[in-house]
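These notes concern the structure reproduced below.
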Ligand SMILES: *[C@@H]1O[C@H](CO)[C@@H](O)[C@H](O)[C@H]1NC(C)=O
Ligand SMILES: *[C@@H]1O[C@H](CO)[C@@H](O)[C@H](O)[C@H]1NC(C)=O
Ligand SMILES: *[C@@H]1O[C@H](CO)[C@@H](O)[C@H](O)[C@H]1NC(C)=O
Ligand SMILES: *[C@@H]1O[C@H](CO)[C@@H](O)[C@H](O)[C@H]1NC(C)=O
Ligand SMILES: *[C@@H]1O[C@H](CO)[C@@H](O)[C@H](O)[C@H]1NC(C)=O
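In mature numbering (1 follows the signal peptide of the UniProt record, and there is no 0), the protein residues as written are -28 to -1, 1 to 294.
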């Protein structure tokens, strides 16, 4: 990525765009703050906070997992087994509320959201070591139908991500790996930001739907840094053509109703017009006083763009961004 390397350039930036000075200098990303299963709420633990019993495996850092071979790609940064396992059923409606570390909205809007499941083999999920878990995909979203807005934009807007469990899912205990990938830096190899999370459920019923072995992956293992959809030089081009990483949604899932068949699933490409060409702004990167670098909050950028930045200035920002 191209950073603002000189203080004079930074001064120029702040002169032209005084709003930049008000943006936080601390990197802010996020975590799963709440999971709702058929209307019942379960809180997730704030990363690093003293844990209270939860169904969501607690992570220790709101920063993204970087690199597709990172062991934390499994369930998130240093994820710890959670004490509780929630009851669920085939076809259960789940909502995942992602928040920024400071409790404000999720800060990213570009990239897919995907959901995987893995059986907690030979044990209950509160005891299950997921290192070698075999994950199958049950859902994936990319673009909203008809425009170049990603489903992830809804999460930035404060809405929960909706996921429906497969209607024929075999009973048993499962980890649900709900993952956001933020692609605002993905034009550089290794730039993709992975945010995996794991939630523990006990699925009842007498269904028998399972994935086949060739639909299953481990994490790490399921992705490569150079997969299309992870290293994505064209992610800001419109109309967006997106290819999901990982395995396809498991065949037994099709026929399930609800959000699984929603935005962008399957084909993985948008067919949008060019009217929303400003909706995929690359972020600017600043050097903070401490020397750490940090992508600007795209939300702030987007708000400002809507108010006043001309296309020329937006292009200039992109040219100094990543
Ligand atoms: C589960 O238990 C069975 C029977 O003891 C064993 O063969 C199998 O390897 C175990 N699987 C895992 C993943 O531990
Ligand atoms: C994009 O399409 C989705 C689904 O139709 C809609 O909810 C959203 O408001 C649209 N976004 C824009 C920016 O037009
Ligand atoms: C998920 O479903 C809830 C309840 O219907 C709704 O309020 C919310 O907006 C949905 N989220 C998205 C991203 O569509
Ligand atoms: C990811 O990590 C591996 C192992 O440390 C390293 O070889 C590889 O270069 C890294 N990939 C990127 C894109 O940084
Ligand atoms: C899981 O659900 C089944 C009913 O399908 C129930 O018999 C079992 O006790 C539950 N297990 C746990 C650990 O809650």
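Even glycine gets a Cβ: it sits at the ideal position worked out from N, Cα and C.
What would DSSP say about residue 152, mapped onto helix, strand or coil?
In this structure, residue 152 counts as strand in the three-state DSSP scheme.
Output the distance between the C-alpha atoms of residue 49 and residue 79, rounded to the nearest integer angstrom.
Roughly 18 Å between the two C-alpha positions.
Are residue 158 and residue 204 touching if we call contact CB-CB under 8 Å?
Result yes, Cβ atoms of residue 158 and residue 204 sit closer than 8 Å.
Using the beta carbon as the reference atom, which residues fall closer than 5 Å to any heavy atom of ligand 2, ordered along the chain?
Checking every Cβ against the heavy atoms of ligand 2 under 5 Å gives 116, 119, 121.
For my contact list, residue 82 and residue 156 are in at a C-beta cut-off of 8 Å; report their separation, rounded to the angstrom.
Indeed they touch by this definition, with Cβ atoms about 5 Å apart.
Quick one: using the 10 Å Cβ neighbour count with 16 as the cut-off for buried, is residue 161 buried or exposed?
Looking at its Cβ environment, which holds fewer than 16 other Cβ atoms inside 10 Å, residue 161 is exposed.
Between the stretch 129 to 148 and the stretch 167 to 177, do three or more beta carbon pairs fall short of 8 Å?
Yes, the stretch 129 to 148 is in contact with the stretch 167 to 177.
Helix or strand or just coil, what does DSSP make of residue 127?
Helix, per DSSP.
Near residue 52, what residues of its chain come up, given a Cβ to Cβ distance below 7 Å and the 5 sequence neighbours on each side ignored?
Excluding positions up to five away in sequence, the list reads 29, 30.
Can you tell me whether residue 134 is buried or exposed, with buried defined as 16 or more other CB within 10 angstroms of its CB?
Buried, by the Cβ-count rule.
Would a C-beta distance cut-off of 8 Å place residue 103 and residue 42 closer than the cut-off?
No; because the gap between Cβ atoms is not below 8 Å, this pair is not in contact.
Compute the minimum distance between the beta carbon of residue 59 and the heavy atoms of ligand 5, and state whether it is under 7 Å.
Result yes, Cβ under 7 Å from ligand 5.
On the three-pair Cβ rule with 8 Å, is the stretch 117 to 133 touching the stretch 69 to 78?
Yes: at least three Cβ pairs fall under 8 Å.
What ranges does the beta strand (DSSP E) occupy inside the stretch 77 to 106, keeping only unbroken runs of at least 3 residues that lie completely in it?
Runs of the beta strand (DSSP E) inside the stretch 77 to 106: 85 to 91.
Residues around ligand 1, please: the ones whose beta-carbon is closer than 5 Å to some heavy atom of it, in chain order.
Taking each Cβ in turn, the ones that pass are 93, 94.
Look at the Cβ atom of residue 224, then the Cβ atom of residue 138, and state whether they are nearer than 8 Å.
Yes, the pair counts as a contact, with Cβ atoms nearer than the cut-off.
With DSSP run on the structure shown, which of helix, strand or coil describes residue 22?
Three-state DSSP puts residue 22 in coil, outside helix and strand.
In three-state DSSP terms, what is residue 173?
Residue state, collapsed to three classes: strand.
Identify whether residue 32 lies in helix, strand or coil by the three-state DSSP scheme.
In the structure shown, residue 32 sits in coil (DSSP, three-state: anything other than H, G, I, E or B).
Of all residues in the structure, which have a C-beta closer than 6 Å to any heavy atom of ligand 4, taken in chain order?
That gives 39, 41, 161, 162, 197.
Can you look up residue 44 in the DSSP assignment and give me helix, strand or coil?
Looking at residue 44 - three-state DSSP - the assignment turns out to be helix.
Report buried or exposed for residue 22, applying the criterion of at least 16 other Cβ atoms within 10 angstroms of its Cβ.
Residue 22 comes out exposed.
Just curious, the beta strand (DSSP E) that residue 15 is in, first and last residue?
Unbroken beta strand (DSSP E) run through residue 15: 12 to 15.
If you measure from the CB of residue 132, is any heavy atom of ligand 3 nearer than 7 Å?
Yes, the Cβ of residue 132 comes within 7 Å of a heavy atom of ligand 3.
Where residue 20 and residue 73 are concerned, what is the direct C-alpha to C-alpha distance, given to the nearest angstrom?
Residue 20 and residue 73: Cα-Cα distance of roughly 10 Å.
Between the C-alpha atoms of residue 65 and residue 217, what's the straight-line distance to the nearest angstrom?
Going by the C-alpha atoms only, they are around 24 Å apart.
Among the candidates 86, 163, 75, 201, whose CA atom is the shortest distance from the CA of residue 18?
Nearest of 86, 163, 75, 201 to residue 18, Cα basis: 75.
Rounded to whole angstroms, what's the CA-CA distance from residue 219 to residue 195? Just pull it up for me.
C-alpha separation (whole angstroms): 9 Å.
What residue does the beta strand (DSSP E) around residue 4 start on, and which one ends it?
Its beta strand (DSSP E) spans residues 2 to 9.
Assign residue 180 to one of three DSSP states: helix, strand, or coil.
Three-state result, residue 180: coil.
Can you find the residues in the same chain that come closer than 8 Å, C-beta to C-beta, to residue 58, ignoring five residues on each side of it along the sequence?
Correct list, in chain order: 7, 9, 12, 14, 27, 171, 172, 173, 174.
When burial is assigned at 16 or more other CB atoms within 10 Å of the CB, is residue 228 buried or exposed?
Because residue 228 sits at a pLDDT of 47, beneath the cut-off of 50, its placement in the model cannot be relied upon, and the point is left open.
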